[in-house]
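I have placed the structure first, in the form of structure tokens, so that the comments after it can refer back to it.
Protein chains in written order, with my numbering: chain E, 15 to 308; chain P, 4 to 340; chain X, 169 to 322; chain A, 121 to 395.
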């Protein structure tokens, strides 16, 4: 598979179809993977592809607006590209998507544990509820050869854990999230790693007025985390990068999943499936639910 | 001369239990699926004495993420400023890694120098630090290249070695001696030999190495494209700076009539954005370069040491695996032996 | 939000018995605000616990407004606009409806009492409805009790 | 131990509208003792607090020779300066400082001085100009070149007469574009300098203004024969603490707030600062 990726990348650069390839390379530690930006055809041999390729590289597309970019995209990454196209953040002709078939990536957080046994690294939780193994959008698709271990699917209910949390009492829920948010250090890694958080100036950085407390207190942390989640309502494609990036282990995917579930139930809407559909919050239906309104 | 004491873990737990009446006991605690965090320990048996490293260093207990500096009030038709009384309760932070306390000795140079920061100094004074030597450095640790080591004791009152059969505490200060007066016993000949061997062994445990550049060499490549290349993957979050035991940049903000000193990070564009709209560090390149230069050049010129202790946190927790050690090691034009 | 921090109500809030809820209402200027105005000119009685912020349209209300109120200790927030189909800007309240159903469910998921954030459609002629909604709201929020969750810390 | 981040309280005793967006605030410390002990050098700055809004650095525009109060000129720009412009006489602000190195007054003694200012850049220079005029015998000829975009943007207009009257002192005013009723010079500051050709012998040039003016003025001064150590400028950068701790104003290993803001061109070259 990797040979075909390299060949395609090399060809794209050589024929000047793209200025730059965004892909994966081995990190200095020899195990994990780092993003790489290649503009010379001969450097494409650095590229790799394996289950450690956890990043959603579409986050970097905003850094190269106006240039022709080739990007290696898994199914989840491609879905975020769709949202970016839907929101006019990209021009389709400016990007060349090298879609890769993916059977799941590793749970990178386990790499951090004290003695990582490579064989024990399971699939990331996010891959268990990922539907397609092939990207919904691509210019060329690199398929898998032979049989590969597949991330086990959550067969019944992808929102099982959300439902379980919903059933808790209000005070239980509050206590749980108070504990989680109290660890937040406001590094904004969740925002920075998110391909869909592309505002030139985030509300969290605005000072006139200052919307949320800069203090590392529950008050500010709560506002930040709710704001982040709300801004992704109907846009989040559950690539799980925010949760992976969070250094203090706040279950951000759980919040995203909750909104995803509501959006599905209330509006039968799923983000990142077609660039033609309207963004959830910039359209409406006359019959939207309003039983909560007096 | 430091003196040594031998005791078993059970003794330590009991001792801490006893001390908790007088001191606030802070130590690492493992939260399942989240990692290790320094917390105020209500139950001293929650204390983590394993090989892992806390995500956040102990910096936060000295340089708080948000320090409340004063209140502004309007009383009897007059504006007044109300100072915040400095906390006086005594604390013990236990099971601290050598790199983290070394970080404090570097912060001392900033906050306990010409303009003295009373908040920081008060926190330093009221805290006794009991270290724990590393048995198993993580793969990203590179403390030995930064002038530290897994058995480094600078900045500590007591340093504990976890031997197979028990713990050996090296008492380093009078405060530490007082604390450990009634626990354990002095070492016998065999134990003394074991400790010596252990120290020798631990010195060479750290595998990752880098040769820090001399200031002048970095000066030469200030304008190099190298910084653009290495900063490209950077997403501009604050993880590396907030989790660094030595990063100390801050912001002063007013909120609800209070002035706060909050952590700030050189990786945020707003850090240097001026009111006029001019930003002297407009892109990731300048911002990342600032981080490297502050650590390996500017601080060295001003204070004689690198502003890095080699704890590896910024590498370990970087969401895109930027490896500052690798970057500094590969700086172009550096002479390698 | 800081202006009311030192007000007598806040002090009373510490004494549970005398506690009176503080509610912020974001009212669309074309319908709900006019409705509230009508309630006033018709001398309808309703509790004085609500502070009104007039906005051009319920679609103008940003979820941040609601959050900022709640984390600063406001006991309840009401967003009120024109009835569906009556929006002065034709569709502002449609967008608000979508946005706030998500916020309401999210806040509940994170442990905020759902009674603290509510919405209503009140037209310019519904002074009586305004008085009723405020009465009910105050009653519900009294049951929910003071919003003290965010008081700790800096 | 003193809280180094806590300002002294000061009252605004006078506000002068210099230009449509620049006001000069005259401040008096609430505490008599502080008023007596607050000593500063021309070119130093203070951290100005508008409570509830925040802190921002502004240079002291008054001369230490004129005791009793300090003056700061503020252009309406960011959060703090906007809030400051809303204040009235009698309001209370916070002052922390003085910080920074200030102008090397001792080195300038017995020299000809050339002041080059653009817009509000005159503020720090005004402190030194008044200092020189109050100690007139210590310095030789004083030449002031002051430019602004339009005549409306010239600051400290009320003091020009006093400056012109002082012995061996010349004041050249210039605006960028021709205007009706404008009798002084027209043209940007570097061009004017080229025309005036001030003598470089035994002289120091003190330059302050917008970055673009400084960039084009430096080569002109060098061409006129000024040497890099005798060209002095004061830098602007976002500052917060003023104490060399918060980390944002570093250029090279120096902090503008602690080691600056006054630097000679020679120093700036040493750390590859582009100006």
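Idealized CB from N, CA, C, for every residue including glycine.
Keep in mind that this is a model prediction, so the values were computed, not measured.
message = Can you check which of these residues, P:334, P:327 and P:335, is closest to residue 146 of chain P by C-alpha distance?
response = Distance from the Cα of residue 146 of chain P is smallest, within the candidate group P:334, P:327 and P:335, for P:327.
request  = Could you spell out the range, first to last residue, of the alpha helix (DSSP H) harbouring residue 339 of chain A?
outcome  = Where residue 339 of chain A is concerned, the enclosing alpha helix (DSSP H) stretches over 331 to 343.
request  = Could you tell me whether the region 311 to 321 of chain X touches the region 8 to 26 of chain P, where touching means 3 or more Cβ pairs closer than 8 Å?
outcome  = With the cut-off at 8 Å, the region 311 to 321 of chain X and the region 8 to 26 of chain P do not touch.
inquiry  = Using the three-state DSSP reduction, which class does residue 63 of chain E fall into: helix, strand or coil?
reply    = DSSP places residue 63 of chain E in coil when its eight states are reduced to three.
Touch test, the region 251 to 267 of chain A against the region 341 to 355 of chain A, Cβ-Cβ under 8 Å, three pairs minimum = Counting Cβ pairs under 8 Å, fewer than three are found: no touch.
key: When E:263, E:235 and E:262 are compared against residue 236 of chain X, the one with the closest alpha-carbon   = Comparing Cα positions, the closest option is E:235.
key: Contact under 7 Å by Cβ, residue 228 of chain E with residue 256 of chain P   = Yes. Within cutoff.
From P:263, P:323, P:45 and P:165, residue whose alpha carbon lies closest to that of residue 50 of chain E = The shortest Cα separation from residue 50 of chain E among P:263, P:323, P:45 and P:165 belongs to P:323.
task = Taking residue 131 of chain A as the reference, give the member of A:380, A:282 and A:204 with the closest Cα.
result = Minimum Cα distance to residue 131 of chain A is reached at A:204.
task = State the DSSP-derived secondary structure class of residue 251 of chain X, mapped to helix, strand or coil.
result = Coil.
inquiry  = Suppose the cutoff is 8 Å on Cβ atoms and the five residues either side in sequence are ignored; what does the same chain contact list for residue 47 of chain E look like?
reply    = Correct list, in chain order: 38, 39, 40, 41, 62, 64, 66, 67, 68 and 69.
query = What three-state label does DSSP hand residue 219 of chain A in the structure shown?
reply = Three-state result, residue 219 of chain A: strand.
request  = Give every residue of the same chain whose Cβ lies closer than 7 Å to the Cβ of residue 319 of chain X, excluding the five residues on either side of it in the sequence, and list them in chain order.
outcome  = Non-local beta-carbon contacts of residue 319 of chain X in its own chain, meaning distances under 7 Å to residues more than five positions away in sequence, involve 241 in chain order.
message = I'd like to confirm something about residue 187 of chain A: is its beta-carbon nearer than 6 Å to some heavy atom of the ligand GDP, or not?
response = Looking for the ligand GDP in the displayed structure turns up nothing, as the structure carries no ligands at all.
message = Can you confirm whether residue 270 of chain P, when its beta carbon is compared against all beta carbons of chain A, has any partner nearer than 7 Å?
response = The beta carbon of residue 270 of chain P does not come within 7 Å of any beta carbon belonging to chain A, so the residue lies off that interface.
Element boundaries [alpha helix (DSSP H), containing residue 282 of chain A] = Annotation for residue 282 of chain A: the continuous alpha helix (DSSP H) segment containing it runs 280 to 285.
request  = Kindly list the residues whose CB is nearer than 7 Å to the CB of residue 178 of chain A, restricted to its own chain and excluding five residues on each side of it in sequence; keep chain order.
outcome  = Taking C-beta separations shorter than 7 Å and ignoring five residues to either side along the sequence, the partners of residue 178 of chain A in its chain run 165, 166, 168, 192 and 194, following chain order.
inquiry  = On the CB-based measure, 16 or more other CB atoms within 10 Å of its CB, does residue 244 of chain E come out buried or exposed?
reply    = Buried.
task = Can you tell me the Cβ-Cβ gap for residue 238 of chain X and residue 245 of chain X, rounded? I've got them flagged as a contact below 8 Å.
result = By a beta-carbon distance limit of 8 Å, residue 238 of chain X contacts residue 245 of chain X. Their separation comes to about 6 Å.
ask   = DSSP on residue 255 of chain P, reduced to helix/strand/coil?
value = Correct three-state label for residue 255 of chain P: strand.
ask   = Does the Cβ of residue 218 of chain E have 16 or more other Cβ atoms within 10 Å, making it buried, or fewer, making it exposed?
value = That one is buried.
Inter-residue spacing [alpha-carbon to alpha-carbon] between residue 155 of chain P and residue 101 of chain P = Going by the C-alpha atoms only, they are around 5 Å apart.
key: Expected contact under 8 Å - CB spacing of residue 30 of chain P and residue 51 of chain P to nearest Å   = The beta-carbon separation of residue 30 of chain P and residue 51 of chain P, rounded to 7 Å, stays under the 8 Å limit for a contact.
C-beta neighbour in chain P for residue 206 of chain E, strict 7 Å = The Cβ of residue 206 of chain E sits closer than 7 Å to at least one Cβ of chain P.
ask   = Just reading off the alpha helix (DSSP H) that residue 243 of chain P is part of, what are its end residues?
value = Run containing residue 243 of chain P: 242 to 245, per the alpha helix (DSSP H) assignment.
request  = Indicate whether at least one CB of chain P lies closer than 7 Å to the CB of residue 198 of chain A.
outcome  = Taking Cβ atoms only, chain P reaches closer than 7 Å to residue 198 of chain A, which makes this a yes.
ask   = Of the residues that make up the region 198 to 225 of chain X, which ones have a beta carbon closer than 9 Å to any beta carbon in chain E?
value = If the cut-off is 9 Å between Cβ atoms, the region 198 to 225 of chain X has nothing near chain E.
Chain A residues whose Cβ lies nearer than 7 Å to that of residue 278 of chain P = Correct list: 197, 198 and 201.
Residue 131 of chain E versus residue 215 of chain E: straight-line alpha-carbon distance, rounded = Its pLDDT being 49, under 50, residue 131 of chain E is placed unreliably by the model, and the measurement read from it follows with that caveat. Those two C-alpha atoms are separated by around 41 Å.
ask   = DSSP three-state call for residue 213 of chain X: helix, strand or coil?
value = Under the three-state reduction of DSSP output, residue 213 of chain X falls in the coil class, being neither helix nor strand.
query = What residue range is occupied by the uninterrupted beta strand (DSSP E) comprising residue 73 of chain P?
reply = Residues 69 to 78.
message = List, in chain order, every chain X residue whose beta-carbon is nearer than 8 Å to that of residue 11 of chain E.
response = Within the shown structure, residues of chain E are numbered from 15 to 308, placing residue 11 of chain E beyond reach of any answer.
key: Chain-ordered neighbours of residue 173 of chain A on chain P, where CB pairs are closer than 8 Å   = Per Cβ cutoff of 8 Å: 257.
task = Closer than 9 Å by beta-carbon distance: list the chain E residues that pair up with residue 40 of chain P, in chain order.
result = Those within 9 Å of residue 40 of chain P in chain E are 197 and 262.
key: Residues, ordered as in the chain, of the region 56 to 89 of chain P that lie near chain E by beta-carbon distance below 9 Å   = Listed in sequence order: 56, 58, 59, 63, 67, 68, 69 and 71.
ask   = Of the residues that make up the region 211 to 236 of chain P, which ones have a beta carbon closer than 9 Å to any beta carbon in chain A?
value = Within the region 211 to 236 of chain P, the residues whose Cβ lies closer than 9 Å to some Cβ of chain A are 218, 222, 225 and 226, listed in chain order.
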